[in-house]
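Peer 1: Next up is a structure, given as structure tokens.
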Amino acid sequence: MKKLFLTVTAVVCLSLYGFSQESVSSKEGETPEESGIPQEKDGLKNGEDIIDSQTENMLEEIRRRNGIDSIPLKKPDSGIKKDFFANGRTKFELGIDLAAGASNSYFSIKDFFTPEFEINFDKLSDSLPKAGFSTNVLAYLNTFLTIRIKDKYEFGTYVSAKGFSLINVPKNLIDFIVKGPPENGKIAGEITNMSSSFVDTSLFFGMKIKNFKFKVSGSYFVPLMYGEYSLVSYEFENNASTGRLYAKGKSNAVLYTDIPIFNKNSGKFNLQSVNSMLKNGGFDIGFDGSYKFNDIATLNFSLKHIPVVPARLNKGFSHISEGKIEIDSIIKYLYGLLSPMQNENINVKTPLVDFFSSGPVYDLPPKRILRPIKFNISSDIYPFKNKYLIITPSIGCHFLRPFYIDMGLRLESRFLKVLGLYYVFSREDKIWKNKLGFFFDSRIFRFEVAAAAVSPSFTGSFKAVGREVNVSVVVGY
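Structure follows, in structure tokens:
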């Protein structure tokens, strides 16, 4: 108590001493600058909260004599504290994404769990879209690591695996089976197969320059399986006036893979098999970017799978069958069979029947495989200049035989700083999707789950004839 009293007394004495010096200087006619009195500058007093060196020395001497430790002056905190949830995972993040789904153009999932599975071909023919009957399967796994530096640079890696299959049976073939030949008596088409699975590992680097962000990635990909596009081709003609009948079909079951599941080494998966798969991989690059115009709109774009080096495969499975039937006049031919003695003068050609089959073959012609180029452009729109509503329309192009269009619309809302909901209606890889998702996004953890009704047909995506589930987990800081 005595020490505190001495300290307070010293401070009061020093204050009176400074006041007396100021009065003397003013009385002697000195200018404020000559007297050393702090002046106001830019609307502030220079002497405010400032202790000159002489006063500081005297206070230190008093503290020393009274055994009071010197306590440095605390500098004012000029920084603005950021919200804990404002910028999540600005240093690094490690995550995993999973997706799986299956769908078709007609049957719902519950149809496969009924005691008796029945197919009404008449109803099937009337209900199918013009594209015909399609079925697809999807499986996807992705793991990634991202490191960020000063909110300006980022780099990292990811390893992913994706399998996709889409088989389509044209509607004219189903109508032919159900209703018979069309009016003109001709049909032609092919059953197509878009089946492939890839494993790839990538390195990427990104940078932010003012309102522009970009990311460049290079990927080494290995095809696990790759199927030929044309699975079955067919042609049929029945001329009602001449009676000519012509039918031709070809099945082309070809699947490329280095996995030893078809040949004599089936089931012998060893280190040599892995080396054979890895050395035949390919390389492509990707580019992603975004530009923020203002608080309302941001433009996003991406160009993926730009080919550099194709992958190569020469193993797998192949079985090809081809058949042809041609009857010049089926009416004359049948009449000749029924009355051979009365129609000796009728010139009836013998029907041409040809059939060819090869396989199975395991050593296939070398195949160069590239992942199809994908281009996408979208825009994040913030109508209220916050994250309560984010509208994201998108459109893209998938360059495959020769190309097809992807499109979508995403509506997202974030609330309570860490929660969010979104709805997406889109067409991706020829599959229509109605997706609803939920996510929890904190500074160190993000969890997202989504479920979608999917179908190769537009109307089927609203009838829940297929399902897709997505799960994502991210940790970081």
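Position one of the sequence shown corresponds to residue 12 (the numbering used here), numbered consecutively onward.
In this text, a Cβ means the ideal position worked out from N, Cα and C, and glycines have one as well.
Does the Cβ of Ser230 have 16 or more other Cβ atoms within 10 Å, making it buried, or fewer, making it exposed?
Peer 2: Answer is buried; the Cβ neighbour count reaches 16.
Peer 1: Does the distance from the CB of Leu109 to the CB of Val486 come in under 7 Å?
Peer 2: Contact: no.
Peer 1: Leaving out the 5 sequence neighbours to the left and right, which residues in its chain are closer than 6 Å to Ser228 when beta-carbon positions are compared?
Peer 2: Answer for Ser228: Ser213, Phe215 and Gly297, listed in chain order.
Peer 1: On the three-state DSSP scale, how would you describe Glu423?
Peer 2: Glu423: strand per DSSP, three-state reduction.
Peer 1: Helix or strand or just coil, what does DSSP make of Glu129?
Peer 2: Note: Glu129 maps to coil in three-state DSSP.
Peer 1: So, for Ser329: in the same chain, excluding its five sequence neighbours on each side, which residues have a beta-carbon less than 6 Å away from its beta-carbon?
Peer 2: Within the same chain, Ser329 has close Cβ partners Val265, Gly370, Val372 and Leu375.
Peer 1: When you compare the CB positions of Val6 and Phe449, do they come within less than 7 Å of one another, or not?
Peer 2: In the structure as shown, the chain starts at 12 and stops at 488, and residue 6 therefore has no counterpart that could be examined.
Peer 1: When DSSP builds the beta bridges, which residues end up paired with Arg457?
Peer 2: For Arg457, which the question treats as bridged, DSSP gives the partners Asp452 and Val485.
Peer 1: Could you compute how far the alpha carbon of Pro318 sits from the alpha carbon of Asp211?
Peer 2: When rounded, the distance between both Cα atoms is 14 Å.
Peer 1: Please state whether DSSP places Glu71 in a helix, a strand or coil.
Peer 2: Glu71: helix per DSSP, three-state reduction.
Peer 1: Does DSSP put Ile402 in a helix, in a strand, or in coil?
Peer 2: Here Ile402 sits in strand by DSSP.
Peer 1: Within 10 angstroms of the Cβ of Ile442, are there 16 or more other Cβ atoms? Answer buried if so, exposed if not.
Peer 2: Label assigned to Ile442: buried.
Peer 1: Starting from Leu411, follow the alpha helix (DSSP H) in both directions and report where the run begins and ends.
Peer 2: Careful: Leu411 lies outside any alpha helix (DSSP H) and carries neither H nor E.
Peer 1: So what's Val435 in DSSP terms, helix, strand or just coil?
Peer 2: If DSSP states are grouped into helix, strand and coil, Val435 belongs with the strands.
Peer 1: Which residue wins for smallest C-alpha separation from Val180, given the options Phe155, Glu165 and Asn147?
Peer 2: Of the listed residues, the one whose Cα sits closest to Val180 is Asn147.
Peer 1: In the DSSP output, what is Met218 paired with across the bridge?
Peer 2: Tyr164 and Phe225, per the DSSP bridge assignment.
Peer 1: Sort Ile220, Leu289, Gly334 and Ile202 by Cα distance to Val364 and report the nearest one.
Peer 2: Considering only alpha carbons, the answer is Gly334.
Peer 1: Can you tell me which residues form a DSSP beta bridge with Ser230?
Peer 2: According to DSSP, Ser230 bridges with Ser213 and Asp295.
Peer 1: Among residues of its own chain, excluding the 5 on either side of Glu479, which ones have a beta-carbon nearer than 6 Å to its beta-carbon?
Peer 2: Gly112, Ala463 and Val465.
Peer 1: If contacts are defined as beta-carbon pairs under 8 Å, then Asp417 and Ile401 qualify, I think. What distance do you get, rounded to the angstrom?
Peer 2: Not quite, the Cβ-Cβ distance comes to about 20 Å (not below 8 Å), so this is no contact.
Peer 1: If the criterion is Cβ atoms closer than 7 Å, does the pair Ser244 and Glu201 meet it?
Peer 2: Contact flag set, yes.
Peer 1: With distances taken from CA atoms, which of Gly300, Asn183 and Ile185 is nearest Lys224?
Peer 2: It is Gly300.
Peer 1: So for Asp339, helix, strand or coil by DSSP?
Peer 2: Residue state, collapsed to three classes: coil.
Peer 1: Measure the CB-CB distance between Ser405 and Ser389 and report whether it falls below 7 Å.
Peer 2: Closer than 7 Å, so yes.
Peer 1: With a CB to CB cut of under 6 Å and the five nearest residues on each side skipped, what residues in its chain are close to Thr168?
Peer 2: Around Thr168: Leu156 and Leu214.
Peer 1: Quick check: Asn183 and Lys303, are their CB atoms within less than 7 Å of each other?
Peer 2: Contact: no.
Peer 1: How should Ser34 be labelled, buried or exposed, when 16 other C-beta atoms within 10 angstroms of its C-beta is the threshold for buried?
Peer 2: Note that Ser34 scores a pLDDT of 43, beneath 50, so its modelled location is shaky; the value from the coordinates is reported in the next line. It is exposed - the Cβ of Ser34 has fewer than 16 other Cβ atoms within 10 Å.
Peer 1: What separation, rounded to the nearest whole angstrom, lies between the Cα atoms of Gln32 and Thr66?
Peer 2: Caution is warranted here: a pLDDT of 47 is assigned to Gln32, below 50, making its placement in the model unreliable, and the coordinate value is therefore given only provisionally. Cα to Cα, the separation comes out at about 13 Å.
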